[in-house]
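> Structure below; questions to follow.
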Amino acid sequence: MAAVQQPSTERREEIEANLADVGGAVQRSSSANSTHPPRLVAVSKYKPASDILAAYNRGQRHFGENYVQELCEKAAELPSDISWHFIGRLQSNKCKALAGKFHRLFSAISNLWAVETIDSEAKARKLNDAWESAGHPHALNVFIQVNTSDEENKGGVEQHQVEGVARAIAEECKKLCLLGLMTIGSVEGSHQRPNPDFLRLCQLRDDLNAKLGLNLELSMGMSDDFEHALELGATNVRVGSRIFGSRAPKALQ
C-alpha cells in the first residue's frame, strides 16, 4: 500500500462530522431491521484517497466506486481491509478487471466485496467465470440492479426478468453470492412518499424470497433519500455527497 496524503484538519473534521451524522441515522434504524442490520456504503467517486482515509480512520469500511479504473487505483493505494463495492454500469469487457485480473495497467482488486449492478444473465455468468479463473477462494457478493421505474435509458433488469436472472445466479453461478436487489429509481419517484421505486423493489424481494427460498437484501437510497429508504427496509444505502460534499469531477486518466 502506497503512502496516502493525509487530509487537512479542516477537511478531516468536515468528513468526520458528516459521517457521524449519516452513520447515526443508519444506526438508529438498526433496531427495526434485525434480520439484515443496515450497511452504509460511502460513495467515494471522484474523491481523493485522503478523503477516503479520513472516513476509514473513523471506522468506515464499506466504500463504493463507479469506475473500474478509479476503483483499481484506490484499492491499490488504500488499506486492504476496505470492502469495496462496484456501483457503476458493469460493462462486459470490465468483468475480468473486477474479478481480480489485471486491467491494462491497474492492480488487482483483492478486497472487492460486492458488485451491485448485475443487469443480465450473460454478465452474471461472465463475472462468475472471471472470478473463478482469478482463483478467489470465496464467492463474490452481487446485487441485481432492477429498473423499477421502467425508464428506457435506465440501467437494470426489467422487472419481469428479475426472477430469471436470480435463478441463473443462484443455480448456475457458484462463484457468485446473490446478496440482494438494487435500484436507483427515478427522479420523480425520489420526491414521493412512499417512494414507488422502493416499494416495487420491496415487493420483488418478497416475491423472490417466497419463490426461490432466498433471504435477499435491498440496496436502495442515496444521499437525498437514504433515511426514507431505511424506513422502508433498505439494508444497504449508498451515500456520497452527504459525507464527502459535492466536488467537480476529476479527469479520469
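So in the working numbering, spot 203 of the sequence shown is number 217, and the numbers just go up one at a time.
Every residue gets a Cβ at the ideal spot worked out from N, C-alpha and C, and that includes glycine.
(1) Rank Arg219, Glu185, Arg252, His242 by C-alpha distance to the C-alpha of Val160 and give the top, closest one.
(2) Of the residues Glu241, Ser97, Pro21, Arg53, which one's Cα is nearest the Cα of Pro62?
(3) Taking only three categories from DSSP, how would you classify Ile66?
(4) What are the boundary residues of the alpha helix (DSSP H) that includes Cys216?
(5) In whole angstroms, give me the CA-to-CA distance for Asn209 and Gly203.
(6) Check whether the Cβ atoms of Ala90 and Trp98 sit closer than 8 Å, and answer yes or no.
(7) Assuming Cys109 contacts Ala144 under a Cβ cut-off of 8 Å, what Cβ separation, rounded to an integer in Å, is found between them?
(8) Between the Cα of Pro52 and those of Ser94, Ile183, Ser233, spot the shortest distance and give me the residue it belongs to.
(9) Quickly, what does DSSP pair Met196 with across the bridge? List them, please.
(10) State the Cα-Cα distance for the pair Val156 and His174, rounded to the nearest angstrom.
(11) So what does DSSP say about Glu172, is it helix, strand or coil?
(12) Can Ser200 and Glu166 be called in contact, C-beta distance under 8 Å?
(13) Count the other CB atoms within 10 Å of the CB of Ser58; is the residue buried (16 or more) or exposed (fewer)?
(14) Could you pull the start and end residues of the beta strand (DSSP E) that Ile257 belongs to?
(15) Look up His76 in the DSSP assignment and give the residues it is bridged to.
(16) Below 8 Å CB to CB, which residues in the same chain sit around Asn125 once its five sequence neighbours on both sides are set aside?
(17) How is Asn167 classed by DSSP in three states: helix, strand or coil?
(18) Going by C-alpha to C-alpha distance, which of Asp65, Asn71, Arg42, Val176 sits closest to Asp133?
(19) Using only the alpha-carbon positions, how far apart do Ser237 and Phe258 sit?
(20) Tell me, to the nearest whole angstrom, how far the beta carbon of Leu92 is from that of Ile66; I am working on the premise that it is less than 8 Å.
(21) If contacts are defined as beta-carbon pairs under 8 Å, then Arg214 and Thr162 qualify, I think. What distance do you get, rounded to the angstrom?
Let me spell this out:
(1) Arg219
(2) Pro21
(3) helix
(4) 210-226
(5) 5 Å
(6) no
(7) 5 Å
(8) Ser233
(9) Gln159, Ser233
(10) 19 Å
(11) coil
(12) no
(13) buried
(14) Per DSSP, Ile257 belongs to no beta strand (DSSP E); it is in the alpha helix (DSSP H), 255-258.
(15) Ser97
(16) Ala89, Ser94, Asp95, Ile96, Ser97, Trp98
(17) coil
(18) Val176
(19) 10 Å
(20) 6 Å
(21) 4 Å
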